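A.B. asks: First, the structure itself, so that you have it in front of you.
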Amino acid sequence: MPENLTPTRESKGRELLDEFRLVLGSGNLLDAVLPPLIFLLINALFGFQVAMWVSLGPAILIAVLRLWRGQSLLYALAGIGSVGLALLIVWFLGRSEGYFLPNLVSGSVTAALALISLLIRRPLVAWTSFIARRWPLDWYWHPRVRPAYSEVTLAWTVFFAVRLIWQFSLFQAEAASRLAFINFILGWPALVILLVLSYLYGTWRLRNLNGPSVEEFRRQVPPPWQGQRRGF
């Protein structure tokens, strides 16, 4: 693991790019960003009903493209499934705002899980890091490591709760166009910013907690520790 105690702005930028490739994967972000972006544009030009059906097109095209390239279809198929579920909800409820109901449900579940994880002292962000990196799970619960993940999880809880309240108020007001815009802005654009800030704060907090790095924890190195310098 590279240890750079005084990283330059350029090296920090490369570090962030490397971390995003690790967490988000290669090219899978397109599956999540392109369909809602096209939906937003078509909705503004031709109205909600047209946009609702046209939004299936990008998800299907991405799935075909990944099949042709021999890549994983997991994210593309998830995109098709979510759009299809949204169309079924619109048909069942008879309300165009139902298109966004799956996002409201997933957002409420995320906010609830984040809050519960804080209450049981097993922060959600630690679990997401463990799934992506497979670092020793006990390292995350170390008393000089866990506070960093708890504080970032608290920020996530506030973000998802505020987003949910805003989206639900627009859903209740039957404001489909405004809900489409807010759903997009507070989707991947806001999440990317949240992930960047989480990583920058988390790595800074780990250094200041003076806890063991992952490798020091694995080797059971006694204090004082050099600490985790990269990765969160």
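Take the sequence shown: its letters are residues 756 to 987, numbered as in the working numbering.
C-beta: ideal position from N, C-alpha, C; glycine also.
As the structure is a prediction and not an experimental result, all values here were calculated from the model.
Between the beta-carbon of residue 884 and the beta-carbon of residue 987, is there less than 8 Å?
C.D. replies: Against a cut-off of 8 Å, the Cβ pair of residue 987 and residue 884 comes out as a contact.
A.B. asks: Tell me whether residue 911 is buried or exposed, calling it buried when 16 or more other Cβ atoms sit within 10 Å of its Cβ.
C.D. replies: Under this definition residue 911 is a buried residue.
A.B. asks: In whole angstroms, give me the CA-to-CA distance for residue 789 and residue 980.
C.D. replies: Their Cα atoms are separated by approximately 44 Å.
A.B. asks: What ranges does the alpha helix (DSSP H) occupy inside the stretch 860–899, keeping only unbroken runs of at least 4 residues that lie completely in it?
C.D. replies: If we require 4 residues or more, the alpha helix (DSSP H) runs fully inside the stretch 860–899 come out as 879–888 and 892–895.
A.B. asks: Within 10 Å of its beta-carbon, does residue 758 have 16 or more other beta-carbons around it, so buried, or fewer, so exposed?
C.D. replies: With a pLDDT of 43 at residue 758, under the threshold of 50, the modelled position of this residue cannot be trusted; read the value that follows with caution. It counts as exposed.
A.B. asks: Is residue 977 buried or exposed, if buried means 16 or more other CB atoms sit within 10 Å of its CB?
C.D. replies: Residue 977 should be labelled exposed.
A.B. asks: Considering only residues of the same chain and omitting the five flanking positions on each side of residue 811, which have a CB-CB separation below 6 Å?
C.D. replies: Only 838 meet the Cβ criterion.
A.B. asks: Using alpha carbons as the reference points, say which of 915, 894 and 939 lies closest to residue 867.
C.D. replies: Selected option, being the one with the closest Cα: 915.
A.B. asks: Please state the DSSP three-state secondary structure of residue 921.
C.D. replies: Helix.
A.B. asks: So, is residue 894 buried or exposed, given that buried needs 16 or more other C-beta atoms within 10 angstroms?
C.D. replies: Buried is the call here.
A.B. asks: Go to residue 981, then tell me how far its alpha helix (DSSP H) extends in each direction, as first and last residue.
C.D. replies: Residue 981 -> no alpha helix (DSSP H), and no H or E assigned at all.
A.B. asks: Quick one, which of 942, 960 and 802 has its alpha-carbon nearest residue 901's?
C.D. replies: Selected option, being the one with the closest Cα: 960.
A.B. asks: Do residue 804 and residue 855 have their CB atoms nearer than 8 Å?
C.D. replies: No.
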